[in-house]
């Protein structure tokens, strides 16, 4: 039985249509980046034309990032550094914020996380010559303390 010469050509056309054109594949995702001193803006556009933008600014150890989605909603993250201390604030698309504050004093470190509901939890690490004491206080006010002896070096 001899095959009709049109069948292989038709099959090739079907596969080419399913795979899409080379230019369609290349424009499936387009990313543009603009860099200026301390500022970066990235824009990503999908094949469907929806755009996502991320702007990042850095200055004196601080960093602010804002992401805007295709629906116009934004999410931001702000990092503020002062000496050895750091504060991070995240703002969601709904406008609610959550923070994490880290304070360092010598070898001691305290981290406090505050959720959008205003409730906080804290983890404090106090270091001494004998070891360290870790105290965790939950949002419910319950506290747990653990002491770890200093490791001896061989």
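Residue numbers (my numbering): 132 to 285. For every residue, glycine included, the Cβ atom is placed at its ideal position computed from N, Cα and C.
According to the DSSP secondary-structure assignment, residue 177 is paired through a beta bridge with 160. If you draw a straight line from the Cα of residue 203 to the Cα of residue 251, it is about 30 Å long. Cβ-Cβ distances below 8 Å link residue 270 to 246, 250, 251, 252 in the same chain, with the five nearest sequence neighbours on each side left out; the list follows chain order.
Where residue 185 is concerned, the enclosing beta strand (DSSP E) starts and stops at 182–190. DSSP places residue 231 inside the beta strand (DSSP E), whose first and last residues are 228–236. Cβ-Cβ distances below 6 Å link residue 199 to 184, 205 in the same chain, with the five nearest sequence neighbours on each side left out; the list follows chain order.
Contact between residue 196 and residue 182 does not hold, since the beta-carbon distance rounds to 17 Å and is not under 8 Å. Residue 219 is positioned such that its CB atom lies closer than 8 Å to that of residue 230. Relative to residue 208, the option among 224, 215, 201, 216 whose CA is nearest is 224.
For residue 280, the beta-bridge partners assigned by DSSP are 262.
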